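Visitor: One structure coming up, written as structure tokens, with questions to follow.
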Amino acid sequence: MARQSHTPLPEKDYLKIIEIIQALHRCRNRNDMRQFIQKYFVEGMEVDYVAWGWVEVQKDLMKVRGAQVLDCVGLPENEIECVRKMLDYHDQLTEFILNGFRTVTAADVDHSRSLLPRQVDAFFTDHPEYDRETMKVGKLVTAMCFFDRPNLDVGLGLNRVFPNTKAFTLRDVRMLELLQPVLVATIKRIALQEQLKTYQVLTDALADCDLPLALTQTDGRLLFRNERFQQIVPVEPMSLLPETLIALLHKQAARIYPEHPSTAAAPGIETFEHGGEAYRFEATPVHPDTALDNPAWLLRLHPADDPHSTLHRHLQTAKLTPREVEVAILATDGMEDAHIAERLFISPHTLKNHLKQIYRKLGVQNRTKLVARLKPF
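Heads up, the sequence shown is in full-length UniProt numbering, so the first residue is 1 and it goes up one at a time.
Structure, rendered in structure tokens:
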């Protein structure tokens, strides 16, 4: 895997992140998203194709078990089905991702690039009906991807195919980590709008869901809630949500529509507690055609009992900063100090200070005890 000497992420990269986030906010439909991907990823990052969609992860087996490719840029239509089928052959990579807590994973940075071609070989061996020599997916060299954590329901992959053998770098990983929250929100928003053209259709679809769901205005005024949501939050339509939920909504809105790009890629887990149960709070903007600048918000309450949520809640309770959370997660993943500093674009001295603060807040004396404290999560 490639090693790089430490350099700070330059100001021009943060300016580029602002530009990209603003471009994402202008994406209103599938065509806008395709143009965005073509400009900023295919051309801007010199990748050959980008695919994104819904994924279903079987966490107990550490496998992807079902996927729906929402769209793909740079790949012929007849190869998109192969992308979905190939996910079953990426078990080693999926297990690597799910066993850790990193948001973004890249060949040459997190694992050897030889892993992907081996899995592609296995796919084409089992599927002789495909002519590998004529297909882009058959020439996959390297890739960088993310799953939406902690939901693990959205994935995106940036792929390079032969003869494009350019390696992904720590800078590429960092840029994608900082863009990931807004990318996920945009993918979900456009997918929701395609499937549910109006609020009426949306509320009809929400009514029968087992997951607690609600539709609100930005100010927290309730438009609709299903029965499961009403059982947890007994608020009538057109009334305001409790202040705690409104604060969580505004917090996530600020993350999706930031005034300035974050320097940390570990957004906190917002939780709402009721009846002794903790629920992870998620808000997705939904733009009707008549109110592009005033979105409604689809609210979801997920049980906060998965390992990712439990770990983040533990770190947040200890009042770790977002950057300290990132450091603690990478240390728990077994990454060496030098690699952590490189990955986060900070100096070894800054990393040392972060670790001191983490040890103090968690009441441990060294890295070994830190890992022992966090690994059970």
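Cβ coordinates follow ideal geometry from the N, Cα and C atoms, glycine included.
Predicted, not measured: the structure shown is a model, and the values here were computed from it.
#1: In three-state DSSP terms, what is L240?
#2: Cβ atoms of H274 and R323: under 8 Å apart, would you say?
#3: Does the stretch 77 to 86 come close enough to the stretch 103 to 110 to have 3 or more Cβ pairs within less than 8 Å?
#4: Near E79, what residues of its chain come up, given a Cβ to Cβ distance below 7 Å and the 5 sequence neighbours on each side ignored?
#5: Comparing C-alpha positions only, which one of R26, H339 and V47 sits nearest to N159?
#6: Give me, in chain order, the residues of the same chain whose beta-carbon lies closer than 6 Å to that of I232; leave out the 5 immediate sequence neighbours on both sides.
#7: Just to confirm, are A296 and T244 a CB contact at a threshold of 8 Å?
#8: Leaving out the 5 sequence neighbours to the left and right, which residues in its chain are closer than 7 Å to T368 when beta-carbon positions are compared?
#9: Hey, F41 and L24 are a contact pair by Cβ (cut 8 Å); roughly how many whole angstroms apart?
#10: Could you give the first and the last residue of the continuous alpha helix (DSSP H) run that contains V83?
#11: I'd like the span of the beta strand (DSSP E) that includes L156, first residue to last.
#12: Quick check on this structure: which residue in R174, E277, D219 and L330 has the alpha carbon closest to the alpha carbon of A283?
#13: Give the range of the alpha helix (DSSP H) segment to which M33 is assigned.
#14: Report the three-state DSSP secondary structure of L215 (helix, strand or coil).
#15: Round the Cβ separation of D153 and W54 to the nearest angstrom and send it over; I've been treating them as touching at under 8 Å.
#16: Threshold first: 4 residues or longer. Then list the alpha helix (DSSP H) segments lying entirely within the stretch 113 to 141, N to C.
#17: Taking 8 Å as the threshold (C-beta atoms), are R280 and S309 in contact?
#18: Taking the beta strand (DSSP E) that L299 belongs to, which residues open and close that run?
#19: To the nearest angstrom, how far is it from the Cα of D172 to the Cα of I20?
Guide: Judging by the given coordinates:
#1: In the sequence shown, residue 240 corresponds to position 240, counting from 1. DSSP places L240 in the strand class (E or B) of the three-state scheme.
#2: Taking the sequence shown and counting its residues from 1, one reaches residue 323 at position 323. Taking the sequence shown and counting its residues from 1, one reaches residue 274 at position 274. No; because the gap between Cβ atoms is not below 8 Å, this pair is not in contact.
#3: no
#4: Residue mapping note: residue 79 aligns to position 79 of the sequence shown, counting from 1. Here the set comprises M135, K136 and V137.
#5: By 1-based counting over the sequence shown, the position of residue 159 is 159. Answer by Cα proximity: V47.
#6: Residue numbering aside, residue 232 sits at position 232 when the sequence shown is read from its first letter. The answer, listed in chain order, is P212 and H274.
#7: As a working note, residue 296 is residue 296 in the sequence shown. As a working note, residue 244 is residue 244 in the sequence shown. Not a contact, by the Cβ cut-off of 8 Å.
#8: Here residue 368 is taken as the residue at index 368 of the sequence shown, counted from 1. Same-chain partners within the cutoff: there are none.
#9: In the sequence shown, residue 41 corresponds to position 41, counting from 1. In the sequence shown, residue 24 corresponds to position 24, counting from 1. Actually they are not in contact, since the Cβ atoms of F41 and L24 sit about 12 Å apart, beyond 8 Å.
#10: Numbered from 1 along the sequence shown, position 83 holds the residue referred to as residue 83. Segment I80 to M86, the alpha helix (DSSP H) holding V83.
#11: The residue given as residue 156 occupies position 156 in the sequence shown. Counting along the chain, the beta strand (DSSP E) containing L156 begins and ends at V154 to V161.
#12: What you label residue 283 is simply residue 283 of the sequence shown in a count that begins at 1. Per the Cα distances, D219.
#13: Taking the first residue of the sequence shown as 1, we reach residue 33 at position 33. Residues R30 to I37.
#14: Residue 215 sits at position 215 when you count from the first residue of the sequence shown. Of the three classes helix, strand and coil, the one that applies to L215 here is strand, per DSSP.
#15: Start at 1 with the first residue of the sequence shown, and residue 153 comes out as number 153. Start at 1 with the first residue of the sequence shown, and residue 54 comes out as number 54. A Cβ-Cβ distance of about 6 Å is found for the pair D153 and W54, placing them in contact under the 8 Å criterion.
#16: 115 to 126
#17: Indexing the sequence shown from 1 puts residue 309 at position 309. Indexing the sequence shown from 1 puts residue 280 at position 280. Contact flag set, yes.
#18: Counting from 1 along the sequence shown, the entry for residue 299 is found at position 299. Here the beta strand (DSSP E) through L299 covers A296 to P303.
#19: Along the sequence shown, read from residue 1 onward, the residue named residue 172 stands at position 172. Along the sequence shown, read from residue 1 onward, the residue named residue 20 stands at position 20. Each residue's alpha carbon lies about 14 Å from the other.
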